[in-house]
Amino acid sequence: MTGEMVWRFDRDGPKPRQAIPRQVALDMNMMLNSAAESGTGRRAMLDGIRIAGKTGTTNAHRDAWFVAFTGNLIAGIWMGNDDYQSMQRMTGGSLPAMTWRAIMSYAHQGIELKNIPGVAPNPAPGSVPQARVAAVPTATDAAPRPAVLTRRGAEVLLQVERLMDDAARGLALAGSPAQDLPSGQQGALQRNDAFASALPGSTSGSTQGN
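The sequence shown begins at -9 in our numbering and counts up one residue at a time.
See the structure below:
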């Protein structure tokens, strides 16, 4: 219990291995970029961000998908009917690609953009900056991506939620003498009193009506 690190995956776990030769990976990225931006996946193109991916459509238009990635994220969209019925001639380059674009445009807001290995980045007007950051939409565009709560922030909100639940139960039981309540409900009343005393403008102790 001294706080000494015993095992950590990135230090002690198995090291990653190259699955395929690097040049093969670069060539695949280049081909998938061409398929997405110059082929059937054009409807998925992002403003100022290079993409690479592939559309897919099964026989009789029963399934349609688009799987693609940027230098930052990867996502796949599949559309089809649960009963294996054909769709209305939907292909992977139509609604799946458009859905992928909407989701990934949202996900890339305000983050530092990374290049796809083997694919030249989109140059900024006049120069190529050292670090490219995706733009955040203005109020007239799509709603900006909300900030993500930290773990500590989520824990605090859960604590507040529990206190509010206890307060609601305590108020509902306020008309009953505390000594007549089960122990669990008595605890709810005690927590409700503690919650109320912590609110701004509250005073400790009891008040007596005239």
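Idealized CB from N, CA, C, for every residue including glycine.
- Query: Helix or strand or just coil, what does DSSP make of Gly82?
  - Reply: coil
- Query: Pro107: which of Ala15, Ser76, Glu(-6), Phe(-1) sits nearest, CA to CA?
  - Reply: Ala15
- Task: Per DSSP, which residues does Val57 bridge with? Please list them.
- Result: Lys44, Gly66
- Message: Going by DSSP in three states, Ile39 sits in which element: helix, strand or coil?
- Response: strand
- Query: In chain order, what residues of the same chain have a beta carbon less than 8 Å from the beta carbon of Thr81, not counting five sequence neighbours either side?
  - Reply: Thr30, Thr45, Thr47, His51, Ala54
- Item | Residues bridged to Glu(-6) [DSSP beta-bridge criterion] | Paired residues: none, contrary to the question.
- Message: Can you look up Gln13 in the DSSP assignment and give me helix, strand or coil?
- Response: helix
- Message: If I follow the unbroken alpha helix (DSSP H) through Arg1, where does it start and stop?
- Response: -1 to 2
- Message: Under DSSP, the alpha helix (DSSP H) around Ala158 begins and ends at which residues?
- Response: 141 to 162
- Given a cut-off of 8 Å, decide if Ile64 and Trp90 are closer than it, judged by their beta-carbon atoms. no
- Excluding sequence positions up to five away, which residues of its chain have a Cβ less than 6 Å from the Cβ of Pro86? Ala54, Trp55, Phe56, Ile67, Met69
- Go ahead and label Gly83 buried or exposed: buried means 16 or more other beta carbons lie within 10 angstroms of its beta carbon, across all protein chains shown. buried
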